[in-house]
Amino acid sequence: MDIQHFLNPEEEIVTDSSESIDLQILAQFQAPDDEEEEEDPEVMPKVSSASALEAVQLLQLYQEQQEEGDIKLIHTLNKLRMEIQGGIAQNRQQGDIRSYFSI
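Residue numbering for the sequence shown is 372 to 474, as defined by this note's numbering.
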């Protein structure tokens, strides 16, 4: 058996055109088709101020209960808690003074 025939058998000869090779190479570097990207991104639900405030208070309590709690983190969480409470107060609608005194 000839060494050239052994290394390059006729059954394994590939006959790709240069155009098809170019298309295969370009496909690797081009952006994927829109069909593949049309997956709906998962929409995250909006977090309410009340649940954010509850979460910050829970984290602050956790840090305060640790033996070696991080004081800077506790202060940061306290500031964040006050900011959220301020935002809640600003978003409240002003009521009528008479409704305060009514039974």
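Even glycine gets a Cβ: it sits at the ideal position worked out from N, Cα and C.
Keep in mind it's a predicted model, so treat the numbers as computed, not measured.
- In the DSSP assignment, Asn462 falls within the alpha helix (DSSP H) that extends over 442-462.
- Taking 8 Å as the cut-off, the beta carbon of Asp441 is found closer than this to the beta carbon of Gln434.
- When DSSP states are grouped into helix, strand and coil, Asp373 belongs to the coil group.
- One alpha carbon belongs to Glu383, the other to Ser389, and they sit about 18 Å apart.
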